[in-house]
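**Student:** Dropping the structure in here first, questions after.
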Amino acid sequence: MSDASLNPTNRLSLFVYLIPIIGFFPALWTLYRRQCSKEEKAVCRLAVSLAGTWLLGYLLMGFGAETFEFLALRLLILNSFLTSSYFLVSLWLMFLIVKGKPARLPGFSQWAQRLDMR
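Per UniProt numbering, residue 1 is the first one in the sequence shown, and the count goes up by one each step.
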């Protein structure tokens with residue numbers, strides 16, 4: 001079953017999983033329950049991986065800005081670029097879902113698929 005053949009309810013759930021920050025929780029819950037289609041599982045893993053990567057980078061750069069005064073401005077600017085990129089990538093993936101195309105990121109999707117929640 002391809003993403004183009006998903007019914008509107010499935011597309012809506014995939015759309016919700018990709019909402020920045022908020023979509024992390026339903027995506028994690030769906031992965032935890034293990035009662036989902038392959039497409040849903042792939043999007044959930046991608047959403048959790050994106051949010052986790054963003055959160056780790058956000059926390060590390062924030063900690064670095066607090067710790068190293070001479071790098072504070074640079075790290076805060078990088079932090080804002082990281083956050084903006086996370087939101088833009090999420091919006092782009094949501095747009096792909098609306099168009100009926102597969103929500104995939106080259107390299108990142110393959111990495112997310114290797115993560116197994118057992």
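The beta carbon of each residue, even a glycine, is placed where N, CA and C say it ideally should be.
1. Tell me whether Leu75 counts as near the ligand PLP, meaning its Cβ is closer than 8 Å to at least one heavy atom of that ligand.
2. Could you tell me which uninterrupted alpha helix (DSSP H) segments, each at least 4 residues in length, are contained entirely in the segment 2-65, listed from first to last along the chain?
3. Going by C-alpha distance, which of Ile19, Ser13, Arg34 and Ser49 is nearest Phe108?
4. Under DSSP, the alpha helix (DSSP H) around Ala103 begins and ends at which residues?
5. Secondary structure at Met117, three-state DSSP: helix, strand or coil?
**Tutor:** Inspection of the coordinates gives the following:
1. The model depicted lacks the ligand PLP and carries no ligand whatsoever.
2. 8-17 and 24-33
3. The residue from Ile19, Ser13, Arg34 and Ser49 with its alpha-carbon nearest to that of Phe108 is Ser49.
4. From DSSP, Ala103 is part of no alpha helix (DSSP H); its letter is neither H nor E.
5. Because Met117 carries a pLDDT of 47, less than 50, the predicted location of this residue cannot be relied on, and no value is offered for it.
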